[in-house]
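A.B. asks:
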Amino acid sequence: MEKKQFHLVHDEQSDRHVVYIKGELDLAAAEQFRRAIEPLAHDAAKTLVIRLDGLTYIDSTGIGMFVALLKTRKKQGAPFLIENVPPKVQRLFDLTGVSHFFSETNDTTERIESQS
Amino acid sequence: MKEHETIVQLSIPADAQFIDIARLTLYGLAAKMGFSYEEIEDMKVAVSEACNNAVLHAYNGAGGVIHLRFEISTDALSIIIKDQGKGFDYKRAAKQAAPLSAKPLEDVKVGGLGLFLMEALMDDVTVSTKGGTEVRLTKFRHRGEGEHAHDSISPSSVQEQA
Chain H
1 MEKKQFHLVH DEQSDRHVVY IKGELDLAAA EQFRRAIEPL AHDAAKTLVI RLDGLTYIDS
61 TGIGMFVALL KTRKKQGAPF LIENVPPKVQ RLFDLTGVSH FFSETNDTTE RIESQS
Chain B
1 MKEHETIVQL SIPADAQFID IARLTLYGLA AKMGFSYEEI EDMKVAVSEA CNNAVLHAYN
61 GAGGVIHLRF EISTDALSII IKDQGKGFDY KRAAKQAAPL SAKPLEDVKV GGLGLFLMEA
121 LMDDVTVSTK GGTEVRLTKF RHRGEGEHAH DSISPSSVQE QA
């Protein structure tokens, strides 16, 4: 059974913030996510990596937050990677066109190890 | 109410913390009807988007109720999401309802994305804004799929005798 409750694990490394997000990123979880991610998004000295393996649900609320993060990181010229996107989440990224911006970001930054 | 239709209703507080309850109910009913995993995932997002709009725009955080009505018929599931708040400007949102990729990132605005998703994920979407907002989302059942589940909930089996 998928774990529903939204939660987030932050792993700070010497050159990057790796954030694992799990559960349902919906309107109810939006504020919790924003509060946790904003300070990391503003740390331009480190790469920001968000891993979505455990993300079981997302809607326009969560997608809007990723767009805001993309903007913040781009403005700072700071690397931002979104990895391990589950198929049903990828489908929504593709449908809304946001995946276009993720790939744009990835082209200009190093690719780090990604599991398939 | 049309013939050959079974109705399930649910009222939740217009509070983000209860939208997952709408998703759970939808999941239960759609699975019982034999919809595929992908179709159910699509409907979950669409129903949540309508509820999000009710929470964010209808009551201005003053508290209210969202009424959900699930109409189960032999060929479709319709979900009606209704609030009695001040109407969300769906006409304006409809103009912005488009995928994001057409613009440079700096110019991207995410308003209208919820409505865009509803339209992309459902077979039919209608919105009426008289005395609150009523969004009707419909997904048609594809024939030849989910026969077993279909039999177990066929509304014709509970039809009244004339």
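Protein chains in written order, with UniProt numbering: chain H, 1 to 116; chain B, 1 to 162.
Yeah, the Cβ is synthetic: ideal placement off N, Cα and C, and Gly gets one too.
#1: Taking the beta carbon of D42 of chain B as the centre, do at least 16 other beta carbons fall within 10 Å, making it buried, or is it exposed?
#2: I want to see whether chain B comes within less than 8 Å of F101 of chain H, judged by CB atoms only; does it?
#3: Below 8 Å between beta carbons: does that hold for L55 of chain H and I19 of chain B?
#4: Between K74 of chain H and I63 of chain H, what straight-line distance do the alpha-carbon atoms span, to the nearest angstrom?
#5: Could you check how far apart the C-beta atoms of E49 of chain B and G114 of chain B are, in whole angstroms? I think they sit under 8 Å.
#6: To the nearest angstrom, how far is the alpha carbon of residue 210 of chain B from that of T72 of chain H?
#7: With a cut-off of 8 Å on the beta carbons, I'd call I40 of chain B and A54 of chain B a contact; round off their distance for me.
#8: Please identify, using Cβ separations under 8 Å, the residues of the stretch 18 to 39 of chain B that lie next to chain H, in order along the chain.
#9: Does the structure place the stretch 11 to 23 of chain H close enough to the stretch 44 to 60 of chain H that three or more beta carbon pairs sit under 8 Å?
#10: Does the distance from the CB of V127 of chain B to the CB of T133 of chain B come in under 8 Å?
#11: Report all residues from its chain with a CB closer than 7 Å to the CB of C51 of chain B; omit the five preceding and five following residues, and keep chain order.
#12: Comparing alpha-carbon positions, which option in B:T74, B:A14 and B:Q84 lies nearest F140 of chain B?
#13: Could you name the residues of the same chain whose beta carbon sits closer than 8 Å to that of Q32 of chain H, not counting the 5 residues immediately before and after it, in chain order?
#14: Could you give the residue range of the alpha helix (DSSP H) that holds E49 of chain B?
#15: Of the choices H:I21, H:N84, H:M65 and H:A41, whose alpha-carbon is the least far from that of V98 of chain H?
#16: L117 of chain B and A46 of chain B - do their beta-carbons sit closer together than 8 Å?
#17: Using a Cβ-Cβ cutoff of less than 6 Å, which residues in the same chain neighbour I79 of chain B once the five nearest sequence positions on both sides are dropped?
#18: Could you compute how far the alpha carbon of D15 of chain B sits from the alpha carbon of E24 of chain H?
#19: Just mark S36 of chain B as buried or exposed, buried being the case when its beta carbon has 16 or more other beta carbons within 10 Å.
#20: According to DSSP, simplified to helix, strand and coil, what is A31 of chain B?
#21: For the alpha helix (DSSP H) that V89 of chain H lies in, which residues bound it at each end?
C.D. replies: So, from the listed chains and residues:
#1: Reading the second sequence from its first residue, position 42 is the one you call residue 42 of chain B. D42 of chain B should be labelled buried.
#2: Residue 101 of chain H sits at position 101 when you count from the first residue of the first sequence. Taking Cβ atoms only, chain B reaches closer than 8 Å to F101 of chain H, which makes this a yes.
#3: Here residue 55 of chain H is taken as the residue at index 55 of the first sequence, counted from 1. Here residue 19 of chain B is taken as the residue at index 19 of the second sequence, counted from 1. No; because the gap between Cβ atoms is not below 8 Å, this pair is not in contact.
#4: Locating residue 74 of chain H in the first sequence gives position 74, counting from the first residue. Locating residue 63 of chain H in the first sequence gives position 63, counting from the first residue. Each residue's alpha carbon lies about 16 Å from the other.
#5: Position 49 of the second sequence holds residue 49 of chain B. Position 114 of the second sequence holds residue 114 of chain B. Yes, E49 of chain B and G114 of chain B are in contact; Cβ-Cβ is about 4 Å, under 8 Å.
#6: Residue 210 of chain B lies beyond the range of chain B shown here (1 to 162); nothing can be said about it.
#7: Working through the second sequence from its first residue, we reach residue 40 of chain B at position 40. Working through the second sequence from its first residue, we reach residue 54 of chain B at position 54. Going by Cβ atoms, the distance from I40 of chain B to A54 of chain B rounds to 21 Å, so no, they are not a contact pair.
#8: I19, D20, R23 and E38
#9: The stretch 44 to 60 of chain H, when compared against the stretch 11 to 23 of chain H, does touch it at the 8 Å Cβ threshold.
#10: Looking up residue 127 of chain B in the second sequence gives position 127. Looking up residue 133 of chain B in the second sequence gives position 133. A contact, by the Cβ cut-off of 8 Å.
#11: Working through the second sequence from its first residue, we reach residue 51 of chain B at position 51. I19, A22, I66 and I81.
#12: Against the second sequence, residue 140 of chain B aligns to sequence position 140. Ranking B:T74, B:A14 and B:Q84 by Cα distance to F140 of chain B puts B:T74 first.
#13: In the first sequence, residue 32 of chain H corresponds to position 32, counting from 1. Sequence-distant Cβ neighbours of Q32 of chain H in its own chain, meaning closer than 8 Å and more than five residues away, are F6 and L8.
#14: As a first step, residue 49 of chain B is located in the second sequence; it is residue number 49 there, counting from the start. Here the alpha helix (DSSP H) through E49 of chain B covers Y37 to N53.
#15: Residue numbering aside, residue 98 of chain H sits at position 98 when the first sequence is read from its first letter. Comparing Cα-Cα distances from V98 of chain H to each of H:I21, H:N84, H:M65 and H:A41, the minimum goes to H:M65.
#16: Here residue 46 of chain B refers to the residue found at position 46 of the second sequence. Here residue 117 of chain B refers to the residue found at position 117 of the second sequence. Contact: yes.
#17: Counting from 1 along the second sequence, the entry for residue 79 of chain B is found at position 79. The residues are V47, F70 and L137.
#18: Within the second sequence, residue 15 of chain B is the residue found at index 15, counting from 1. Within the first sequence, residue 24 of chain H is the residue found at index 24, counting from 1. Each residue's Cα considered, the two are about 16 Å apart.
#19: Position 36 of the second sequence, counted from the first residue, corresponds to residue 36 of chain B. It counts as exposed.
#20: As a working mapping, residue 31 of chain B is identified with position 31 in the second sequence. Reduced to three states, the DSSP call for A31 of chain B is helix.
#21: Here residue 89 of chain H refers to the residue found at position 89 when the first sequence is read from its first residue. V89 of chain H -> alpha helix (DSSP H) spans P87 to T96.
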